[in-house]
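Below is one structure, written out as structure tokens; comments come after it.
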Amino acid sequence: MLQIAPSFGRIGEENAFAVLARAGALAAQGRDIVNLGIGQPDFPTPPHIVEAGIKALRDGHHGYTPAIGLPPLREAVARDIHRRHGVEVSPDAVMIVPGGKVTMFMAILMFGGPGAEILYPDPGFPIYRSMIEFTGATPVPVPIREANGFAFSAQETLALITERTRLLIVNSPANPTGGVTPKAEIDALVTGLAGHPGVAVLSDEIYGTMTYDGQAHVSLLAYPEIRDRLIYLDGASKTYAMTGWRLGWSVWPKPLYDAARKLAVNSFSCVNAATQWAGVAALDGPQDCVAAMVAEFDRRRGLVVDGLNALPDVSCVTPRGAFYAFPNVARTGWKAKALAAALLDEAGVAVIGGPDFGVHGEGYLRLSYANSAENITRALERIGRFLAVRRPD
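So the sequence shown is numbered by numbering that gives the first Met the number 0: it starts at 0 and just counts up by one.
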């Protein structure tokens, strides 16, 4: 009998992909499914980015690239960080990776292990907890509360740090809630971290270009007092509608960079050349495509929030970032995952149950408004009809 390592019994999943597969199977049977489950922009990758990737292939960029990424792309990332955040970053601190999850994987592997504690947002991206448990570390959820507009509380976060805490994961703008943490709260967190110099910080800023209502995104890169222990995560998937290209990047403090490089060498070797040249075009090219996508997400945001708040026994705070709404469905009487499953099977609407994002997700659903206004309207109508006639089992 084959025996794999016990750690694989602790590894979790990202249920959004399971819901996507189920929705696809129902569609293949002829069902009309509106998918508000997957966190993927419904726009095509902008043409100038696609053409840069094609040109790279035609120009013969078919071989291995450096494990840390092509120098022109690392330089483009440094320029983009300066343009967006006003922060100087050396290209030598930048690493190019295949998507956002790789940076999470690396950081959690570095600091996880039996006896360690890692703090992560809950509700939050499910891979955080999955990887923490895989390493044998103790996952410590940081509650992300609706009462705070789904921003994290610096006071509550700092109170959870112990002598065993090795890593703190923060995410703003946030998946699945759409929460954006204001600068005053981030200031307080950084001030409090001065008393915990042995705690590293992973800042997941993959939705950093997507904020609304004039609320600015505040990057933790802007705080020099924690730069020597800050790992910054970003990438092209959401900002440039490049999910399938698998292009992410991270900024590492000097003491950790070589460890991350060794993990790259031992795992994915390198990111393919064509994708990296497309990334250069994305970062150095015109940004009006980004502004247009965010403006459309903003329009849909209003449609989703108004529609959800009009449903019986449903309420939804207005998300300030990303492209997710996180409505409260507790008053419907349904458990969240059961409601999500019933909406897919009976109403033809794919959404994600809040508990798939953590223990504090019960009573909520995640809806992605990375879909057309027409489809969003159809989905909300179906949800309304379902809730009007269907009671919990």
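Note that the Cβ used here is the ideal one computed from N, Cα and C, for glycine as well. Quick caveat, the model's predicted, so the values are computed rather than measured.
Contact under 8 Å by Cβ, residue i with residue j
i: Gly348; j: Ala309; result: In the sequence on display, residue 348 carries Val and not Gly. Not in contact: Val348 and Ala309 (Cβ atoms no closer than 8 Å).
i: Arg365; j: Pro120; result: no
i: Ala277; j: Trp244; result: yes
i: Leu201; j: Ile230; result: yes
i: Val328; j: Leu338; result: yes
i: Gly99; j: Gly234; result: yes
i: Arg163; j: Gly114; result: yes
i: Met105; j: Ala281; result: no
i: Cys269; j: Ala66; result: yes
i: Ala193; j: Ala153; result: no
i: Pro40; j: Ala324; result: no
i: Gly177; j: Phe149; result: yes
Residues bridged to residue i [DSSP beta-bridge criterion]
i: Leu167; result: Leu118, Val200
i: Ala351; result: For the sequence presented, residue 351 should be read as Ile rather than Ala. Partner(s): Arg365.
i: Val398; result: Residue 398 is absent from the structure shown; the chain starts at 0 and stops at 392.
i: Thr210; result: Gly320
i: Thr137; result: Glu116
i: Asn327; result: Ser314, Tyr363
i: Pro142; result: Asp121
i: Val33; result: Val348
Rounded Cβ spacing between residue i and residue j (contact assumed at less than 8 Å)
i: Ile430; j: Thr134; result: Nothing about residue 430 can be reported from this structure: the residues present for the chain run from 0 to 392 only.
i: Thr208; j: Val86; result: That belief does not hold up - the Cβ atoms of Thr208 and Val86 are roughly 15 Å apart, past 8 Å.
i: Phe453; j: Ile143; result: What is shown of the chain runs 0 to 392, which leaves residue 453 out entirely.
i: Glu116; j: Gly11; result: At roughly 18 Å, the Cβ-Cβ gap does not stay under 8 Å, so Glu116 and Gly11 are not in contact.
i: Gly320; j: Tyr222; result: Wrong, their Cβ atoms sit about 19 Å apart, outside the cutoff.
i: Ala335; j: Gly352; result: 4 Å
i: Val141; j: Leu166; result: The Cβ separation is near 12 Å, so there is no contact.
i: Ile382; j: Ala346; result: 6 Å
Enclosing alpha helix (DSSP H) for residue i [first to last residue]
i: Tyr127; result: 125 to 134
i: Gly234; result: Premise fails: Gly234 lies in the beta strand (DSSP E), 229 to 234, not in any alpha helix (DSSP H).
i: Pro71; result: 70 to 84
i: Leu342; result: Element bounds for Leu342: n/a, residue is neither H nor E.
i: Trp276; result: 272 to 283
i: Phe444; result: Any answer about residue 444 is impossible in this case: the structure gives the chain only from 0 up to 392.
i: Cys288; result: 287 to 308
i: Gly243; result: Note, Gly243: premise wrong, no alpha helix (DSSP H); not H, not E.
i: Thr238; result: First-last for Thr238: undefined, no H or E at that position.
First through last residue of the beta strand (DSSP E) which encompasses residue i
i: Ile53; result: It is not in any beta strand (DSSP E) - Ile53 instead sits in the alpha helix (DSSP H) that spans 46 to 57.
i: Pro64; result: Correcting the residue type first, residue 64 is Thr in the shown sequence and not Pro. Neither: Thr64 is in no beta strand (DSSP E) and is coded neither H nor E.
Is there contact here, the region 40 to 49 with the region 16 to 24, by at least three beta-carbon pairs under 8 Å? Flag = no, the region 40 to 49 and the region 16 to 24 do not touch.
For the structure I just gave you, are there three or more beta carbon pairs, one from the region 297 to 315 and one from the region 70 to 89, closer than 8 Å? Contact between the region 297 to 315 and the region 70 to 89 is absent, because fewer than three Cβ pairs lie under 8 Å.
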